[in-house]
Every structure is written in structure tokens, then in C-alpha cells.
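Read through the structure below, which is laid out as C-alpha cells, and then see the notes.
Protein chains: 2
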Amino acid sequence: MAGNPVNFINGTQIEGRRFDVLGIGNAIVDVIAHADDDFLETNGLTKGAMTLIDAATAEDLYARMGAAVESSGGSAANTIAGLSSLGGRGAFIGKVRNDQLGGIFAHDIQALGVDFATAPAIEGAPTARCLIFVTADAQRTMQTFLGASATLGSADIDSAAVRGAAVTYLEGYLWDPPPAKEAFEKAATIAHAAGNMVALTLSDAFCVDRHRADFRRLVEGHVDILFANEAEIKSLYQVDDFDDALQHVRGHCQVAALTRSEKGSVVISGDEVHVIDAVRIPQVVDTTGAGDLYAAGFLFGLTRGRSLHDCGRMGAICAAEAISHYGARPETPLADLVRQALG
Amino acid sequence: MAGNPVNFINGTQIEGRRFDVLGIGNAIVDVIAHADDDFLETNGLTKGAMTLIDAATAEDLYARMGAAVESSGGSAANTIAGLSSLGGRGAFIGKVRNDQLGGIFAHDIQALGVDFATAPAIEGAPTARCLIFVTADAQRTMQTFLGASATLGSADIDSAAVRGAAVTYLEGYLWDPPPAKEAFEKAATIAHAAGNMVALTLSDAFCVDRHRADFRRLVEGHVDILFANEAEIKSLYQVDDFDDALQHVRGHCQVAALTRSEKGSVVISGDEVHVIDAVRIPQVVDTTGAGDLYAAGFLFGLTRGRSLHDCGRMGAICAAEAISHYGARPETPLADLVRQALG
Numbered sequence: 001m002a003g004n005p006v007n008f009i010n011g012t013q014i015e016g017r018r019f020d021v022l023g024i025g026n027a028i029v030d031v032i033a034h035a036d037d038d039f040l041e042t043n044g045l046t047k048g049a050m051t052l053i054d055a056a057t058a059e060d061l062y063a064r065m066g067a068a069v070e071s072s073g074g075s076a077a078n079t080i081a082g083l084s085s086l087g088g089r090g091a092f093i094g095k096v097r098n099d100q101l102g103g104i105f106a107h108d109i110q111a112l113g114v115d116f117a118t119a120p121a122i123e124g125a126p127t128a129r130c131l132i133f134v135t136a137d138a139q140r141t142m143q144t145f146l147g148a149s150a151t152l153g154s155a156d157i158d159s160a161a162v163r164g165a166a167v168t169y170l171e172g173y174l175w176d177p178p179p180a181k182e183a184f185e186k187a188a189t190i191a192h193a194a195g196n197m198v199a200l201t202l203s204d205a206f207c208v209d210r211h212r213a214d215f216r217r218l219v220e221g222h223v224d225i226l227f228a229n230e231a232e233i234k235s236l237y238q239v240d241d242f243d244d245a246l247q248h249v250r251g252h253c254q255v256a257a258l259t260r261s262e263k264g265s266v267v268i269s270g271d272e273v274h275v276i277d278a279v280r281i282p283q284v285v286d287t288t289g290a291g292d293l294y295a296a297g298f299l300f301g302l303t304r305g306r307s308l309h310d311c312g313r314m315g316a317i318c319a320a321e322a323i324s325h326y327g328a329r330p331e332t333p334l335a336d337l338v339r340q341a342l343g
Numbered sequence: 344m345a346g347n348p349v350n351f352i353n354g355t356q357i358e359g360r361r362f363d364v365l366g367i368g369n370a371i372v373d374v375i376a377h378a379d380d381d382f383l384e385t386n387g388l389t390k391g392a393m394t395l396i397d398a399a400t401a402e403d404l405y406a407r408m409g410a411a412v413e414s415s416g417g418s419a420a421n422t423i424a425g426l427s428s429l430g431g432r433g434a435f436i437g438k439v440r441n442d443q444l445g446g447i448f449a450h451d452i453q454a455l456g457v458d459f460a461t462a463p464a465i466e467g468a469p470t471a472r473c474l475i476f477v478t479a480d481a482q483r484t485m486q487t488f489l490g491a492s493a494t495l496g497s498a499d500i501d502s503a504a505v506r507g508a509a510v511t512y513l514e515g516y517l518w519d520p521p522p523a524k525e526a527f528e529k530a531a532t533i534a535h536a537a538g539n540m541v542a543l544t545l546s547d548a549f550c551v552d553r554h555r556a557d558f559r560r561l562v563e564g565h566v567d568i569l570f571a572n573e574a575e576i577k578s579l580y581q582v583d584d585f586d587d588a589l590q591h592v593r594g595h596c597q598v599a600a601l602t603r604s605e606k607g608s609v610v611i612s613g614d615e616v617h618v619i620d621a622v623r624i625p626q627v628v629d630t631t632g633a634g635d636l637y638a639a640g641f642l643f644g645l646t647r648g649r650s651l652h653d654c655g656r657m658g659a660i661c662a663a664e665a666i667s668h669y670g671a672r673p674e675t676p677l678a679d680l681v682r683q684a685l686g
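For the record, the sequence lines run as chains B and L. The first sequence begins at 1 in the working numbering and counts up by one. The second sequence begins at 344 in the working numbering and counts up by one.
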């Protein structure tokens, strides 16, 4: 591949690894519908955020939701789907129930060539779903019933898969269900022991609020590559200014890729700072999955030895695809888009 | 409402009716994915057609299908969804199983304000699904596992709903599962006894092949409003020429609306013949649902007393919306589109 080898990935033997990236996250089916601001207000939904709901609330809210479309989702799962669409070798660990939605989740990710072998739960709560309300401004408001995905535990971590992945990518949302947190820590330990890298996305500003101390500890000691948007990184360090947040994160992990919606992204590594423009598209339809696919493009570039600037551009290209249609998974093969833009 | 009252609907008291249109059809969830022509050939799929498959074939084919999106479907159900999006009062009768896909089907149609009260099956085959392969030419190839929808029987026909609907609309696909055929005949009899109209869509040229004698008998004696595309009407009369088919159907039913894809449609009623242009759109994405939404627009116009020419134009507007995106159900409120175009 063209591009400069990235020095901080030198310790990782990409060539000898089975997977470029292993994602660990909540295994969720998205239920996507249009809604207007009045609906959000009437139902007390926090616009733009991801809120956890219980089974009864999910049922109640679904009954009030408009006609919807179902699509496999989940933050880290979307990233791995994107990586696969770019031509990368991905694996995913996450928990579904052995029900129809669980079958849909497994089918969709496996159909992309992703290794997904986590045993489904055979009792208990059904497969997780995320009710996504997309408003006319293309903003998405997410209400998640974690269901079976909350039962992911350390026993589900396939050590061989973690050892075999150049990067283990974890979503911050995993901090919500307690057993997944242990799974997360187990995976990070195995990854590092095998000389691999650990990446984390902070997921959501409210999620950062819920787990700030844990996330700071992770970023300072356990995470090599951090993804966060502006709201999340400001929430992590409880500062009002993006540049202040940037100074805080600098030096804590090898690479931080901070996304800023239409303002593009900033990638920091030691003394390197790259400011990368967003890719303009004719119409933003639905921002669901923008961050997930940014991470897909970035990590694909990284594991292919591209420069950090190129990694950021790949992220921007993939994010632009995600927001040009409803749903978080890519509709156009991302490899084609990246090839057209970057060669 | 503006427009000429249509004489053949005079016998029907629209004003006193609870519903404009009651649809009866297979209750299906669509599973939609991209595919290329090689995939169709390798798997022996007949491009553009609807083929029935059994549970094992459905499972096998799904395993080979790409990552998909799920959306409520079913031909008559799509028509009623479209009618509702136009502001019409719709009802639907069809059979799901009490499983997750059945819940999705019921939610989506009820969320549109459609009356859907058919009791779900509590045992037996799961909710029907239609695996839809969309090729780059926007053609859709459908493989349907009828599942629970095949158990719709005359006991499921809500006589009061049929009496309360100005038009009872039946899909030809219903002829495939034998118990539904009886349900179909029961509904037609009740509708006519109540002074209401019966509409039929021939659904698919291969479906016409399977049931030609029955469909001819129906068209000649029981159907007031017939919908068919060019291939279907030519198959019904086993003629090679559209104009020959048109001459055959003339006089058999009060109204025939014959659709011809990009060539628009021809509406015939006695001596009236209206040739209606297709509505041009920038890009045809997926033709799934084109005929279903044409019928929605047409029937909405009819039950609102619009001229046959206007009914055809409404059909064309709704069909154009359907083919401009993936999936059969409207994404844009159809009432807005019709208002902009016709006032």
C-alpha cells in the first residue's frame, strides 16, 4: 500500500494478524423512523443523545413511533461493517438473543465477511434494539433497550480473536452494562499482552458523564487510539473549549481522532496535529453512524500503514457516506469511494 | 373535493363508509439487499418476478444474501400504507405470526393509522418474508416464503370491515395459498352485497400463469376495478400485444388501470381511454412497490371522486415516489406530493 508507515503501529505485526480490527460492542438492531421536534419534546427525548431505556419503555415508545425500517446497528459493529466494506479484515464480539432480530444482526454482519462467533443468549431478554428518531435537520435521537447485549461478559471474549487482531476497538457504550465492562478490561489486557493496540470511542457525551472517572483512567493508561467527538472530549475533561480538551488529551494516548461534524476532524499524535476537512455532500439525510464510519475509515488507513492525515481523510470519506442516507451501515462500497478520492 | 364525480362509483356511498379502501393480502416483511446479475443467475432466480419458496430454501438463500434492511411489505399492505400516506382511510386484513417480524409488520401498518386487527397465528410457521434482490438496473427480484400469511382463511375476514369499505382491494398473490382464495371470495361477495366495489391487482405475470382461469373468471364477473401491468394483462389473455390485451379487458370490468413502467399507464372504462405519462424522476433506485403505490394513488383519487385521468396521474405520482428509494413503502408523505402536482 502507498503512504508512510506509521511509527506507533510498528510494534504491532499487522501482517501476521488474522484481523485488522476486532470490535467489541453492543449487538443492536436499529429501528429507524422520521419524527419531528414536537414528538421528541412530547416524549421527553434528549435530541442527539443516546438514552438507555428499559423493556417497558421501549415497548411503549415503539407503539408511539411512526412506521420504521430495521437495520443492523451497534456502534462498534457499524465500524467493523464499515471496515469490511473498505476491504479490511474484521471481527466482532457482541451478544444477541437467539430470536429473529438476533438472526438478522448475525446475518448482516457475517454477510459482510466479518467473523462473528459470539454464542447467542438462549434465554432472558430479547436482542437489543435502538429506536432512532431522525428529525428534518438530519439529527438522530437514540433510545436503546440493551436486552441481551447487556449480558455480554468476559466469558464471551475469544482470547484467540483478540490476540489475532492488530487493533481491538471498544465502544464506550459497553461501560453501561456492568458485565461488559469486565469483558472490556479482559480484552484490553489480552490485546496489549499480545503487542496489539487498543482503541476506544467515547460514544456519547452523556455516556461520558456516566463513566467519566473510568474513561479518564482508560485514556490515560490503557487506550492507544481514542475516538471522540467535540461534545464527548469536552465532557471527558469538563472543559468548555475544544482546544482546551485537545491539550488535555495530547500525550495521554498515542493517537486521538477528534471529530467535529461539519468542521471536520483533528488528529493528534505527540507533536503531530492534523486538521482535516469534512467531505461535503449535497444533502445530509441522517447523521446516524457518522462517528462509527469515521472510525472505520481511520482504522482501515492505520492498519494499512497510511499517514495520519490520510487516515483522517479516509474517516471523513466514510462518515460522509454514512450521513447521505438513512441508517448507519454503508450503502455504497466504501473501498470504491476511498479509491476514487485517495487512490 | 375538486374533480368530477365518477359515475361508476355512484352506487357506493363513500361518505357513509368507515374506510375508503380495505386491502386483503399477504402480510410480509421485506428483506432488501443489493445483488448483481451473477448472483441471480448462480442462484437460479427469475429476474423481476415473484417466486414462492419454502422455509428451507428461504433459510439457505438468506445465508447467501448480502447485508439487508428490513421493511414491512406485502403488495396490498403497501397499497393501503400508500393510501394512508395520501390521507385516505385504510384497513388491512392479513396474517402474521406472533413473532418479532409479525410485531414489526403490525406496528408499521398501525403507525400509519391503518386499521389492522387480524389475529396473529400463535403457532405454526413464522411471519412471511420476501427476500428482495435489487440489481443495479433498479429491478427487483422477489423470493417469498409465505409462512404464517398462507394461513389466512375466511374466518379472518371481518365482515363489518368489508361492508364498511367503499373498495375492497385484493392482491392476486392471495390465490397462491388455498385458504386465502376462499377468504378472497367471501370478501368479494360481502363487498358486492353491501353495494361496495371490488378491486383486484393481478400481482405478477407468473402468478397469472398459475391462476389464469380463476383470474379470467374473476375479471369477467366479480371485479369492478382491475390493476395490471403490461406483462400481467398480456399473460391473462395470452396475447403478445398490449393493445390486443387492452381490447380483451375492455368491458369486462368497470375500470382497468394498466401500468407500463416508464411508458406510463392506460386507464379504460367503457368507451373512455386515458393515456397517462409516467412521472420522470432523476434516478430510479428500486422498482419495488411501484405497482402497489400506483394503485394507492389511483384508488385514493377514485374514492375522492376525481376524474379517471386524475386518478391515473395520482397513481403515477405515487409510483414515482416508490421507485426513487429502496423499499416499497413511501418515504415522503404522498399527500404533499399530490397536492404540489394536482392541487
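Virtual Cβ for every residue (Gly too), placed ideally from N, Cα, C.
Query	Result
Segment contact, 8 Å Cβ cut-off, at least three pairs: the segment 387-399 of chain L with the segment 642-658 of chain L	no
Where threonine 675 of chain L falls: helix, strand or coil (DSSP)	coil
C-alpha distance - alanine 55 of chain B paired with phenylalanine 105 of chain B, whole-angstrom precision	19 Å
Chain L contacts from the segment 67-92 of chain B (Cβ-Cβ distance under 8 Å)	Ala67, Ala68, Val69, Glu70, Ser71, Ser72, Ala81
Inter-residue CB distance, isoleucine 367 of chain L and phenylalanine 558 of chain L (contact presumed, cutoff 8 Å)	The pair is not a contact, with the Cβ atoms about 16 Å apart (cut-off 8 Å).
Simplified DSSP assignment, three categories, for histidine 595 of chain L	coil
Minimum length 3: unbroken beta strand (DSSP E) runs contained in the segment 563-619 of chain L	568-572, 598-602, 608-612, 615-619
Alpha helix (DSSP H) runs wholly inside the segment 116-204 of chain B, at least 4 long, in chain order	159-163, 178-193
Integer-rounded CB distance, given that leucine 642 of chain L should sit under 8 Å from alanine 542 of chain L	7 Å
Residue range of the unbroken alpha helix (DSSP H) whose run includes leucine 662 of chain L	It is alanine, not leucine, that sits at residue 662 of chain L in the sequence shown. Counting along the chain, the alpha helix (DSSP H) containing alanine 662 of chain L begins and ends at 651-665.
Histidine 107 of chain B: contacting residues in chain L (beta-carbon distance under 8 Å)	Tyr405, Ala406, Met408, Ala410, Ala411
Cross-chain neighbours of isoleucine 104 of chain B in chain L, by beta carbon under 7 Å	Glu413
C-alpha gap between aspartate 620 of chain L and glutamate 605 of chain L, whole angstroms	8 Å
Limits of the beta strand (DSSP E) - the one that aspartate 30 of chain B falls within	28-34
Between the CA atoms of arginine 555 of chain L and valine 338 of chain B - distance to the nearest angstrom	51 Å
Proximity test, Cβ basis, 8 Å: glutamine 482 of chain L and chain B	no
Glycine 634 of chain L, DSSP secondary structure in three states	helix
Three-state secondary structure (DSSP) of glycine 90 of chain B	strand
Beta-carbon gap between threonine 303 of chain B and aspartate 115 of chain B smaller than 8 Å	no
Alanine 125 of chain B versus B:Asn98, B:Glu171, B:Phe133, B:Asp108, residue with shortest Cα-Cα distance	B:Asn98
Own chain residues within Cβ distance below 8 Å of asparagine 4 of chain B, not counting five before or after	With a pLDDT of 35 at asparagine 4 of chain B, under the threshold of 50, the modelled position of this residue cannot be trusted, and the question is left open.
Nearest to alanine 138 of chain B (by Cα), restricted to the options B:Thr118, B:Ala320, B:Ala166	B:Ala320
Aspartate 344 of chain B: contacting residues in chain L (beta-carbon distance under 9 Å)	Only positions 1 to 343 of chain B appear in this structure, which leaves residue 344 of chain B out of reach.
Amino acids of chain L, ordered along the chain, whose beta-carbon sits closer than 8 Å to that of glycine 327 of chain B	Val412
Separation of serine 203 of chain B from histidine 535 of chain L, as counted between CA atoms	59 Å
8 Å Cβ cutoff, alanine 389 of chain B in contact with chain L	With chain B running from 1 to 343 in the structure shown, residue 389 of chain B is simply not present.
Glycine 490 of chain L, buried or exposed, once every other Cβ within 10 Å from all chains shown has been counted against 16	buried
Exposure of alanine 684 of chain L, with buried meaning 16 or more beta-carbon neighbours within 10 Å	exposed
Close Cβ partners of aspartate 451 of chain L (< 7 Å) along its chain, the five nearest in sequence each way excluded	Ser415
Enclosing beta strand (DSSP E) for leucine 395 of chain L [first to last residue]	393-395
Leucine 388 of chain L, DSSP secondary structure in three states	coil
Buried/exposed call for valine 273 of chain B, threshold 16 Cβ in 10 Å	exposed
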